Amino acid sequence: DLTPLLDGGETEGARPYFTAGYHDHVWARDDRYAMFARYDGAEAKLFDLDDDPKMNKDVASANPGVAKKMFTDYVVKDAGGPLPSY
1343 DLTPLLDGGE TEGARPYFTA GYHDHVWARD DRYAMFARYD GAEAKLFDLD DDPKMNKDVA
1403 SANPGVAKKM FTDYVVKDAG GPLPSY
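Position in the sequence shown (first residue = 1) + 1342 = the working numbering.
Written as C-alpha cells, this is what we have:
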C-alpha cells in the first residue's frame, strides 16, 4: 500500500516477501521460495530459488508446510482475509 507515501508520510520499510494476485491466482516470493496458487491456496506450486532459480522443478509436494505458510502468512495476511472467488 503506497497510500502513506503518497500522503507525504513514511513507508513501513522493507518487507521480507512480496505478494501479488491476478484473477483467481496468487503469487508470493521471499528470499528462498516462489509460490503460485489458486485464490484459495489450492494447486500450489513451490520453487526453491536457491536450488532452482529458473523455477523448473515444483517442490510443493516435498514441502507442503512451506507452501501453506506462504499462502497463509503472506497472501492471506496481505489481503486482510480470505480472497474472493471469481
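C-beta atoms are modelled at their ideal positions from N, C-alpha and C, and glycine is treated no differently.
Computed from a predicted model, the values in this text were never measured in an experiment.
Collapsed DSSP secondary structure at residue i in the structure displayed
i, result
"Gly1363", "strand"
"Ala1421", "helix"
"Met1412", "helix"
From the options, residue whose alpha carbon lies closest to that of residue i
i, options, result
"Arg1371", "Gly1351, Pro1426, Ser1403, Met1397", "Met1397"
"Asp1400", "Phe1413, Glu1385, Lys1411", "Glu1385"
"His1367", "Arg1380, Thr1414, Thr1345", "Arg1380"
"Pro1358", "Asp1415, Ser1403, Pro1406", "Asp1415"
"Asp1382", "Asp1373, Ser1403, Lys1411", "Lys1411"
Same chain only: Cβ atoms within 6 Å of residue i, ignoring 5 sequence neighbours per side
i, result
"Ala1421", "none"
"Thr1361", "Ala1370, Tyr1416, Val1417, Asp1420"
Close beta carbons around residue i, own chain, < 7 Å, minus the five adjacent residues each side
i, result
"Val1408", "Tyr1375, Leu1388"
Three CB pairs or more closer than 8 Å across the stretch 1389-1409 and the stretch 1350-1362: no
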